[in-house]
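Peer 1: Residue numbers (my numbering), protein chains in the order written: chain A, 10 to 372; chain B, 10 to 372; chain C, 10 to 372; chain D, 10 to 372.
One structure, as structure tokens, below. Some questions next.
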């Protein structure tokens with residue numbers, strides 16, 4: 010179960026570098042009988058694909074996924090599902106000058122020390138490219154969760170300093186702009202900000218939010234595999250993520266107990282500061298998580314670094330890059346949340362299928 | 010490896026409820042030959058113990074840990090280490106009225122739905138009491154890490170709205186006050202704030218920071234077992250934690266790429282916005298994490314809730330409780346970081362012991 | 010999940026050396042609501058206990074197990090169950106001369122090289138004593154399986170050269186003699202053989218069989234966690250086991266396909282050469298496994314060995330020892346089979362709870 | 010880590026059905042810097058390939074493996090290695106009549122009940138075809154083990170009733186005949202026996218032995234991940250295996266202690282009844298395991314069975330089949346032993362890299 014595998018019952022194992030022959034993934038533990046086709050996966054992959062707008066990387070990839078096993082006559086068989094995406098557009102020559110240089114804030118330096126050398130083309134295994142596979146696996150999880158009435162949706166909360174206005178929140182807007190912004194009115198401001206950034210040659214971070222609706226009460230395996238702990242793990246494993254919050258997150262620090270607690274009535278909870286998780290177990294309310302993404306490390310603006318001989322150098326990155334990886338993280342965050350929820354759903358029913366309880370469910 | 014076990018090579022498995030007979034823990038995978046005694050563990054346990062100051066719970070527990078196996082003639086044998094702490098002071102009668110009530114913002118409601126019923130005395134398994142075992146296990150990890158020149162220390166960054174002043178930061182102060190504050194001057198303000206809170210009958214959250222020094226470059230197993238992902242998992246698994254940051258965390262959202270990136274020179278990194286982790290692997294710089302703890306859920310101030318028949322009730326919690334769990338989380342956060350680092354150290358040398366590399370290490 | 014933990018959903022983690030303070034165990038993932046008390050566990054522990062007859066070790070141990078957590082008002086809570094057995098009768102002085110000697114066919118030599126040193130009292134962690142904890146954990150699994158109509162029973166097939174007569178097989182006899190023999194008539198022969206062995210100062214091996222009845226079809230997770238693979242793992246992990254068979258085992262080598270295959274009719278299978286497992290999945294027939302136990306390594310008859318300086322020495326073992334560990338392995342084999350079946354039952358329903366199938370079940 | 014993943018540090022995860030698009034595998038945790046190419050893997054795959062002799066299945070498959078990731082400039086990078094084999098020769102029409110029938114002694118019946126339906130073409134996931142992937146993964150393990158001076162070799166001990174003569178044992182003969190027999194003189198007898206079997210339309214079982222040489226002392230993680238327990242698990246997971254032995258295996262049952270124990274002298278062990286494993290840890294001697302394979306279940310001779318409506322039917326299997334799967338299991342058994350040894354080698358050095366010991370190693 011080394012580092013490239015996630016999950017206990019529903020497991021995702023991936024392989025592939027940004028400039029290798031292909032990316033792949035094995036999804037194990039998907040229950041049988043779920044309708045599944047390449048089209049189901051392609052939908053989410055296309056949302057992640059670079060080249061969708063002028064604000065994302067101009068790298069054109071087909072990102073066409075193939076299902077190689079685990080599906081028969083249109084339904085999952087319960088056996089492992091092999092997925093494959095061939096890398097078609099890598100432009101190796103863009104990276105030939107970096108074999109001996111370490112780009113600041115990239116994983117070049119650490120990969121070299123950990124493994125003795127590294128595949129220097131693109132980001133190799135550390136590139137965001139590998140997340141394509143997670144999105145495909147997450148699409149399978151979403152398909153299953155949908156059969157249980159559970160949905161997972163994400164959106165952009167903040168692009169650099171530009172925050173969405175909660176009063177203008179509309180889920181239908183999220184897919185109408187290239188930012189996944191649920192606030193239609195702020196899109197122009199975001200586009201302007203991004204164009205300025207592009208001209209400046211700089212980058213900025215982002216904050217993404219993910220919400221799961223229709224979740225049952227009871228998911229999560231205290232104490233170490235609490236639902237929120239597993240969500241934190243899965244979300245923090247996404248490239249460029251530097252922070253994870255559940256519910257009110259860091260706002261809890263200055264909150265008083267009377268403000269924070271979500272009181273209960275026979276008709277439901279009166280608030281959701283907890284973000285749908287208490288004591289590491291889902292309450293049945295919407296599960297809400299936020300992630301902070303750092304600004305992209307590949308810049309045209311020169312940065313000081315060292316080369317493989319330890320000499321001081323200056324690094325400039327040209328070629329095709331994302332000025333804001335945050336824009337693309339939304340489908341990835343959805344995928345990770347879906348994978349975690351699915352794993353927990355199977356675990357919970359595995360252990361507690363015989364449990365019955367008279368207490369009313371108020372969500 | 011169900012939900013109460015953490016780690017791949019260095020594993021911690023715990024059991025015990027707040028009002029059961031005892032708490033226990035099995036620590037597996039500790040290398041042999043490490044000097045270990047009860048005294049080593051007791052040191053950290055005492056830091057966590059309630060009753061240390063008037064600001065924490067007035068529940069008096071001996072919290073005396075016994076080593077039952079895995080140590081021979083003062084050294085670890087490499088076989089599993091069994092630890093035991095007997096519960097001595099539970100005051101069951103304080104909880105007899107809550108068998109049928111669900112306290113708001115506690116895990117009562119979710120545990121009942123997940124398992125069909127619950128041990129209603131105290132918080133049962135969801136109580137903070139079980140963290141005593143993690144602190145003991147973490148002390149073992151700290152002992153081993155120390156032999157490798159790695160240290161793990163935590164402190165309070167913020168108590169409710171009261172922030173420490175970075176200019177006054179002094180590690181030596183952390184153990185001189187009951188808040189784990191590294192800023193000696195702010196302690197009076199914190200004490201005053203806490204007394205007001207106590208009179209009001211309310212509670213507040215806190216922000217704790219943990220720092221690991223002397224870490225080697227190369228720890229972390231991308232992509233799912235990235236060091237930061239495992240840290241997020243371990244820290245989020247602590248009761249009351251609602252957010253985790255690595256390095257600059259959520260400040261990254263508004264940072265530009267030129268501000269965020271830690272440039273490198275032959276003499277070292279020029280900054281540490283990354284918090285010591287890049288691409289999921291340690292850089293050799295200090296590893297910095299922050300956690301947000303929600304305000305305590307047990308209040309004297311009445312809160313609306315329901316009972317097990319779904320009827321509306323009002324809940325008041327009397328007895329002994331923590332007005333701010335944040336004060337006690339510092340040793341627990343240290344313990345979790347130590348456990349994660351130790352697991353990763355063993356995993357890294359397991360896979361990469363033969364790796365050699367000419368590139369200079371600049372940290 | 011280091012080496013002292015077994016299971017995916019239903020997990021058993023143990024600690025303890027033969028001459029340490031105590032043996033312990035954490036059983037995690039037991040569904041809630043199962044009635045459980047110390048008496049349930051004590052029953053199986055007593056079957057394993059030395060001193061039961063003159064043919065087993067004369068070491069008197071109370072082997073009284075305590076339940077420290079995970080049970081409330083007589084039922085499992087779904088939280089981890091901590092078990093403890095204090096070591097009361099170790100007679101350390103019997104072992105003081107072996108600190109520097111390696112007993113042939115014991116684990117002394119390998120433990121010293123693996124860990125650098127060893128707890129030389131008794132067998133330390135390698136002693137059969139630690140199996141007491143597995144029997145206790147297995148009793149919990151048996152309790153749960155019984156609620157599903159599944160039973161697990163073992164018996165002695167062969168003691169050294171003395172085989173039971175299948176024509177005389179009677180389950181009721183198994184508990185009427187100290188050998189777990191289902192053949193009442195052969196007991197005298199076995200007793201005579203054992204007395205001769207004792208006088209000679211030698212030991213002999215044994216073959217134990219375990220049968221699970223009432224199992225459903227569908228348990229097992231191909232390809233690596235096949236039911237038979239997990240059974241082989243669990244049974245081979247018992248001290249002194251050198252071989253495992255499922256169904257006809259090594260008799261299959263010379264069988265023809267027409268002889269081996271278990272044909273099916275609407276009224277059931279016509280035979281059970283497969284031992285209840287096909288393609289790694291249970292068929293619904295009785296699950297049958299056999300294990301081979303090597304003769305005890307502690308003998309009064311001198312054996313050649315070396316000491317810790319590598320010098321040739323002669324080793325004689327005095328004190329209290331088992332002339333045939335096989336006699337005691339029956340409850341341990343039952344326990345391991347029960348643990349494996351329980352883990353698989355939870356895993357199977359976790360993944361496949363929604364599966365329905367019109368095909369009749371013929372078992 | 011669901012059922013299709015094996016290993017803790019060195020992990021193998023596979024996917025693929027016999028008649029799906031492709032078979033694949035992800036090998037994770039291979040240390041970096043090991044030379045690896047498709048040719049290394051192809052060598053072992055060709056040994057396993059059907060069509061090699063008239064005694065094995067006449068199904069012609071290219072079985073050409075592709076390395077899709079994890080290797081850069083001819084060396085492993087330490088990142089996961091993706092392998093792919095496209096299925097080219099399935100002859101689907103041979104299986105069209107079995108959609109509704111359950112072949113006796115195949116996994117058809119159990120797969121249908123476990124998953125609700127099954128991919129009825131060939132054996133689907135239960136087919137021996139998936140072992141091709143394990144052989145490829147095992148070849149990677151063998152490459153690494155070779156750098157440590159460890160070799161893994163297998164041979165046929167017994168084909169049906171025909172046993173090899175230990176006095177004629179010659180490792181060089183193993184690759185000179187299609188049976189992997191180390192006894193050149195018995196090959197004619199085996200060929201004759203096989204031809205008679207083929208004419209009869211029947212099948213027979215086999216016994217394969219695997220030996221690891223040059224292994225260090227100290228591999229194995231008691232108590233549950235003992236080296237022999239993991240070997241038993243890995244070997245029993247191979248299709249058609251019904252029994253596993255370590256060392257003398259079931260011969261131990263009738264052995265006396267004085268016969269069985271491997272005495273030690275300063276110049277080495279005097280025997281190897283233990284098969285290289287004591288107390289679950291390798292002794293440094295050759296590690297010896299044997300497996301029993303049942304006769305092939307696909308026969309031209311009619312067998313009684315039921316169809317999916319539970320009606321009595323007769324089943325005849327035509328097409329291309331193995332009359333003795335045992336002949337092909339040798340490379341698979343080698344592969345599994347190599348995978349287990351590699352995983353344990355990484356785990357052992359992960360935990361015990363700092364151990365030193367003055368005691369001489371006598372192997």
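Using N, Cα and C, we set each Cβ at its ideal position, and we do this for glycine too.
Because the structure is a prediction, the values reported are computed rather than measured.
Straight-line CA distance for residue 73 of chain C to residue 237 of chain D?
Peer 2: 31 Å
Peer 1: Taking only three categories from DSSP, how would you classify residue 171 of chain D?
Peer 2: strand
Peer 1: Closer than 8 Å by beta-carbon distance: list the chain C residues that pair up with residue 264 of chain D, in chain order.
Peer 2: 213, 214, 303, 304
Peer 1: Which same chain residues, not among the five before or five after residue 316 of chain A, have their C-beta less than 8 Å away from its C-beta?
Peer 2: 109, 110, 111, 322
Peer 1: Under a three-way DSSP split, which group does residue 269 of chain C fall into?
Peer 2: helix
Peer 1: Within the 7 Å Cβ cut-off, does residue 38 of chain A reach chain C?
Peer 2: yes
Peer 1: Please check if any C-beta of chain D sits within less than 7 Å of the C-beta of residue 202 of chain C.
Peer 2: no
Peer 1: Nearest to residue 294 of chain A by alpha carbon, out of A/160, A/261, A/247?
Peer 2: A/160
Peer 1: Looking only at C-alpha atoms, which of C/113, C/155, C/123 sits nearest to residue 45 of chain C?
Peer 2: C/155
Peer 1: Going by C-alpha to C-alpha distance, which of A/56, A/168, A/175 sits closest to residue 197 of chain A?
Peer 2: A/168
Peer 1: Taking the alpha carbon of residue 226 of chain D as the point to measure from, which residue in C/263, C/119, C/290 has its own alpha carbon closest?
Peer 2: C/119
Peer 1: Any idea which residues DSSP pairs residue 316 of chain C with across the strands?
Peer 2: C/110
Peer 1: Distance, Cα to Cα, residue 147 of chain D vs residue 347 of chain D?
Peer 2: Rounded to the nearest whole angstrom, the CA to CA distance from residue 147 of chain D to residue 347 of chain D is 6 Å.
Peer 1: Within the continuous alpha helix (DSSP H) that includes residue 24 of chain C, where are the two ends?
Peer 2: Premise fails: residue 24 of chain C lies in the beta strand (DSSP E), 20 to 24, not in any alpha helix (DSSP H).
Peer 1: Could you compute how far the alpha carbon of residue 63 of chain A sits from the alpha carbon of residue 355 of chain D?
Peer 2: Model confidence at residue 63 of chain A stands at a pLDDT of 46, short of 50, so the residue's coordinates are unreliable; what they give is reported in the following sentence. If I take the Cα positions, the gap works out to 47 Å.
Peer 1: On the DSSP letters alone, give me the boundaries of the alpha helix (DSSP H) that residue 263 of chain A sits inside.
Peer 2: Taken as a continuous stretch (DSSP letters only), residue 263 of chain A belongs to no alpha helix (DSSP H), as it is neither H nor E.
Peer 1: Spatial neighbours of residue 343 of chain D within its chain, please: CB distance less than 7 Å, with the 5 preceding and 5 following residues excluded, ordered by chain position.
Peer 2: 147, 161, 162, 163, 219
Peer 1: Within 10 Å of its beta-carbon, does residue 270 of chain A have 16 or more other beta-carbons around it, so buried, or fewer, so exposed?
Peer 2: buried
Peer 1: What three-state label does DSSP hand residue 118 of chain C in the structure shown?
Peer 2: helix
Peer 1: What does DSSP give as the partner residue(s) for residue 33 of chain B in the beta ladder?
Peer 2: B/24, B/93
Peer 1: Helix, strand or coil: how does DSSP classify residue 149 of chain C here?
Peer 2: helix
Peer 1: Under the three-state reduction of DSSP, which class applies to residue 234 of chain D: helix, strand or coil?
Peer 2: strand
Peer 1: Name the chain D residues that come within less than 9 Å of residue 343 of chain A, Cβ to Cβ?
Peer 2: The contacting residues do not exist; residue 343 of chain A stays about 22 Å from chain D at best.
Peer 1: Sort out for me which residues DSSP pairs residue 302 of chain B with in a bridge.
Peer 2: B/215, B/250
Peer 1: Is the stretch 35 to 45 of chain B touching the stretch 14 to 24 of chain B, taking contact as three or more C-beta pairs under 8 Å?
Peer 2: yes
Peer 1: Can you give the beta carbon distance from residue 86 of chain A to residue 127 of chain D, rounded, assuming they're within the 8 Å contact cut?
Peer 2: 7 Å
Peer 1: Any beta carbon of chain C sitting closer than 7 Å to that of residue 114 of chain D?
Peer 2: yes
Peer 1: Measure the CB-CB distance between residue 359 of chain A and residue 303 of chain A and report whether it falls below 7 Å.
Peer 2: no
Peer 1: From the beta carbon of residue 270 of chain B, is the nearest beta carbon of chain A less than 7 Å away?
Peer 2: yes
Peer 1: Is it true that the CB of residue 179 of chain C sits closer than 7 Å to the CB of residue 349 of chain C?
Peer 2: no
Peer 1: Distance check for residue 371 of chain A and residue 277 of chain A, CA to CA, integer angstroms please.
Peer 2: 5 Å
Peer 1: Out of curiosity, what's the CA-to-CA distance linking residue 336 of chain A and residue 206 of chain A?
Peer 2: 14 Å
Peer 1: Can you tell me where the beta strand (DSSP E) holding residue 324 of chain B begins and where it ends?
Peer 2: Taken as a continuous stretch (DSSP letters only), the beta strand (DSSP E) holding residue 324 of chain B covers 321 to 324.
Peer 1: Spatial neighbours of residue 246 of chain B within its chain, please: CB distance less than 8 Å, with the 5 preceding and 5 following residues excluded, ordered by chain position.
Peer 2: 15, 345
Peer 1: Considering only C-alpha positions, which residue in the set C/251, C/235, C/138, C/96 is nearest to residue 114 of chain C?
Peer 2: C/251
Peer 1: Taking only beta carbons into account, state which residues of the stretch 163 to 190 of chain A come closer than 8 Å to chain D, listed in chain order.
Peer 2: From the stretch 163 to 190 of chain A, no residue has a Cβ closer than 8 Å to chain D.
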